[in-house]
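J.:
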Amino acid sequence: MSAHTSLLGLYEPGDGWLFRLPVGWKYVLMLAVALVPMALWTWQATAAALVVAVASMLTSGIAWRRIFALGGYLWVLLGTLAAYQLISTRLVLAFVSPGTVLAAVLAARMLTLTTSTPVLLDALTTGLRPLRLVRLNPDAAALAVALMIRSIPFLAGSVADARDAARARGVDRNPALLLTPAVVGAVAYAQRTGEALHARGLPGDALP
Numbered sequence: 001m002s003a004h005t006s007l008l009g010l011y012e013p014g015d016g017w018l019f020r021l022p023v024g025w026k027y028v029l030m031l032a033v034a035l036v037p038m039a040l041w042t043w044q045a046t047a048a049a050l051v052v053a054v055a056s057m058l059t060s061g062i063a064w065r066r067i068f069a070l071g072g073y074l075w076v077l078l079g080t081l082a083a084y085q086l087i088s089t090r091l092v093l094a095f096v097s098p099g100t101v102l103a104a105v106l107a108a109r110m111l112t113l114t115t116s117t118p119v120l121l122d123a124l125t126t127g128l129r130p131l132r133l134v135r136l137n138p139d140a141a142a143l144a145v146a147l148m149i150r151s152i153p154f155l156a157g158s159v160a161d162a163r164d165a166a167r168a169r170g171v172d173r174n175p176a177l178l179l180t181p182a183v184v185g186a187v188a189y190a191q192r193t194g195e196a197l198h199a200r201g202l203p204g205d206a207l208p
């Protein structure tokens, strides 16, 4: 799986229980797995969240390899968090800190691996309808989330592509030559996205 899509994963139809679960309950499950360990900040809560996330996907027919295909950058980040806490002799936090981040990512993957993006966004738009009370458009909010979901993996992939290109030229230790292509790619991506939204008359300001 490429770096562009590895973090959140790609939806593939399935018949496991998590695929059949109503999308609203999937959001509830995701929030529980992601937020409970953040609130409690104990190794027991983190371990329980990881078990629930992994077990939910395994029992729904998602293979180990797809569950943990998160991309090299995330594993490096998690390893760095753990190493920092170990160096600081905080053994419990060496598990809690990276484990809580991993639980949040796996919670998001429970959604993205088992539900198509249109279904996710339709449910999000419905859930955000109370925003109309403060004169905010739930469709625009859902669109912003959609752009975030699409953009974060793309930008992470752009950095990985820039690193690979710099390594091929033997200049991977030069930060300027490594980051410049990634920044240029990010700006170009933002411009293309803005042009596509403008061509479709989005985002609309008026509330329906």
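Numbering (the UniProt record's numbering), first residue to last: 1 to 208. Idealized CB from N, CA, C, for every residue including glycine. Quantities reported herein were computed from a predicted structural model and do not represent experimental measurements.
Here's the rule I'm using: 16 or more other beta-carbon atoms within 10 Å means buried, otherwise exposed. How should Ser116 be labelled?
T.: exposed
J.: For Thr46, count neighbouring C-beta atoms within 10 Å of its own C-beta (all shown protein chains included) and say buried if the count is 16 or more, exposed if not.
T.: Per the 10 Å Cβ criterion, buried.
J.: Could you check what DSSP says for Tyr27 in three-state terms: helix, strand or coil?
T.: helix
J.: Counting only the same chain and skipping the five closest in sequence on each side, list residues whose C-beta sits under 6 Å from that of Thr112.
T.: Cβ neighbours of Thr112 beyond the five flanking positions: Leu8, Gly9.
J.: Between which two residues does the alpha helix (DSSP H) containing Ala63 stretch?
T.: Segment: none, Ala63 is in no alpha helix (DSSP H) and carries neither H nor E.
J.: Alpha carbon to alpha carbon, what distance is there between Ala108 and Pro37?
T.: 14 Å
J.: Are Ala188 and Ala103 touching if we call contact CB-CB under 8 Å?
T.: no
J.: Starting from the N-terminal side, write out each stretch of the alpha helix (DSSP H) that is 4 residues or longer and does not extend beyond the segment 83-154.
T.: 91-112, 117-127
J.: Consult DSSP for Ala34 and reduce its assignment to one of helix, strand or coil.
T.: helix
J.: From Ile67 to Val54, what distance separates their C-alpha atoms?
T.: The alpha-carbon atoms of Ile67 and Val54 are separated by roughly 7 Å.
J.: Enumerate in chain order the residues of its own chain whose CB-to-CB distance from Pro13 is below 8 Å, with the five nearest sequence positions on each side excluded.
T.: Phe19
J.: For Leu21, which three-state DSSP category applies?
T.: coil
J.: Give a yes or no on whether the C-beta atoms belonging to Val92 and Leu78 are separated by under 8 Å.
T.: no
J.: Decide if Ala168 is buried, meaning its Cβ has at least 16 other Cβ atoms within 10 Å, or exposed.
T.: exposed
J.: Enumerate in chain order the residues of its own chain whose CB-to-CB distance from Arg192 is below 7 Å, with the five nearest sequence positions on each side excluded.
T.: none
J.: Please state the DSSP three-state secondary structure of Pro181.
T.: helix
J.: Which residues mark the beginning and the end of the alpha helix (DSSP H) in which Trp43 is found?
T.: 43-58
J.: If I measure Cβ to Cβ from Trp43 and keep anything under 8 Å in the same chain, skipping five residues before and after, which residues do I get?
T.: Val92, Phe95, Val96, Gly99
J.: Since Val52 contacts Leu120 with CB under 8 Å, what's their CB separation in whole angstroms?
T.: No, Val52 and Leu120 are not in contact; Cβ-Cβ is about 20 Å, not under 8 Å.
J.: Any idea what DSSP makes of Gln191, helix, strand or coil?
T.: The answer is helix: DSSP assigns Gln191 an H, G or I state.
J.: When the Cα atoms are used, what is the spatial distance from Val184 to Thr59?
T.: Rounded to whole angstroms, the separation of the alpha carbons of Thr59 and Val184 is 42 Å.
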